[in-house]
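Everything in the sequence shown is counted per our numbering, starting at -2 for the first residue and increasing by one. We put the CB at the ideal spot given by N, CA and C, even for glycine. Okay, structure first, notes after.
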Amino acid sequence: MTPISHYLSGVRETSIYLGPILAIIWIIIMVMSASNGVNLTDGLDGLATGATIMTFLSFVLIGVWEFGQSCAVNAASGCYQVRDPLDLAVLAAAFAGGCTGFLWWNTAPAKIIMGDTGSLALGAAIAGLAATLRVELLLIPLGGLFVIITMSVVIQTLYFKISGGKRVFKMAPLHHHFELKGWAEITVVIRFWIIAGLSVAGGLGLFYAQWVAK
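Have a look at this one:
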């Protein structure tokens, strides 16, 4: 409980108090959601790896910014009460660097694949960084691609059960739907990377906008 907060965080810590029990449950939900989101995205060569690199890089920027505006460094109005943000930024950079080296061999046709062990761990790391940097709800736009792909599976499953066997997509997760529509694998990957990049940019924009408006 030491590095995280008992308060819910969005682009920064809010005044919504969860308490230790609800905070732990919330972190568990975050870890499970992010882990499964990355795991579902890991269906095409390089797709999940490239998207996680962008998300980790966003945490590098957030950590460095929070360090510069930390209450421990500059106890001014609106400072960030985050423990060791610069260390967390270094950790995020290490994850981004490791994924970048891995991506060299993971792009199509992949010579090394991630598997569940890698994707679940990366998702958990993303959730952990969001919690310790106290930008928990900001994980939704920062990991926008993972959210979209996860929701495609949820929508497909629910509609299949409700409609008695009908489908919204040709196949879920969503990247396989576009494969079946005739898109080449590399086309799907690059276009989904663009979506991931735009999501990260939007999340960072929200983070900075809050600072400007404080």
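| Item | Value |
| --- | --- |
| Cβ atoms of Ile192 and Leu119: under 8 Å apart, would you say? | no |
| Between Ser55 and the rest of its own chain, which residues show a CB-CB distance below 7 Å, the 5 nearest in sequence each way excluded? | Leu139, Val197, Gly200 and Leu201 |
| The alpha helix (DSSP H) with Thr11 in it runs from where to where? | Looking at the DSSP string, Thr11 is not in any alpha helix (DSSP H); the run it does join, the beta strand (DSSP E), is Glu10 to Tyr14. |
| With DSSP collapsed to three states, give me the class of Leu135. | coil |
| At a cut-off of 7 Å, would you count Val209 as near the ligand MN, judging by its Cβ distance to the nearest heavy atom? | Absence of the ligand MN is noted for the structure shown, with no ligands found whatsoever. |
| Is the separation between the beta-carbon of Leu130 and that of Ile59 shorter than 8 Å? | yes |
| Quick one: Cα of Phe166 to Cα of Ser160, how far? | 13 Å |
| Compute the distance between the beta-carbons of Ala127 and Leu117, then report whether it is under 8 Å. | no |
| Would you decide whether Ala124 is buried or exposed? Buried here means 16 or more other CB atoms lie within 10 Å of its CB. | buried |
| Need the endpoints of the beta strand (DSSP E) that Leu4 sits in, please. | Reading off the sequence shown, one finds Tyr at residue 4, where the question assumed Leu. Per DSSP, Tyr4 belongs to the beta strand (DSSP E) from Tyr4 to Ser6. |
| Give me the Cα-Cα distance between Ala121 and Ile1, rounded to the nearest whole angstrom. | 15 Å |
| Just to confirm before moving on: does the CB-CB distance between Thr104 and Asp42 stay below 8 Å? | yes |
| Taking Thr46 as the reference, give the member of Leu15, Asn33 and Trp101 with the closest Cα. | Trp101 |
| Assign Ser74 to one of three DSSP states: helix, strand, or coil. | coil |
| Cα-Cα, which of Leu5, Asp84 and Arg9 is closest to Ala206? | Arg9 |
| Starting from Asp84, follow the alpha helix (DSSP H) in both directions and report where the run begins and ends. | Pro82 to Asn103 |
| Buried or exposed, going by whether 16 or more other CB atoms sit within 10 Å of the CB of Cys96? | buried |
| Taking the alpha-carbon positions, what's the Tyr77 to Ser6 distance? | 12 Å |
| Report yes if the CB atom of Val28 is closer than 8 Å to the CB atom of Thr49, and no otherwise. | no |
| Alpha carbon to alpha carbon, how far is Val209 from Ala107? | 43 Å |
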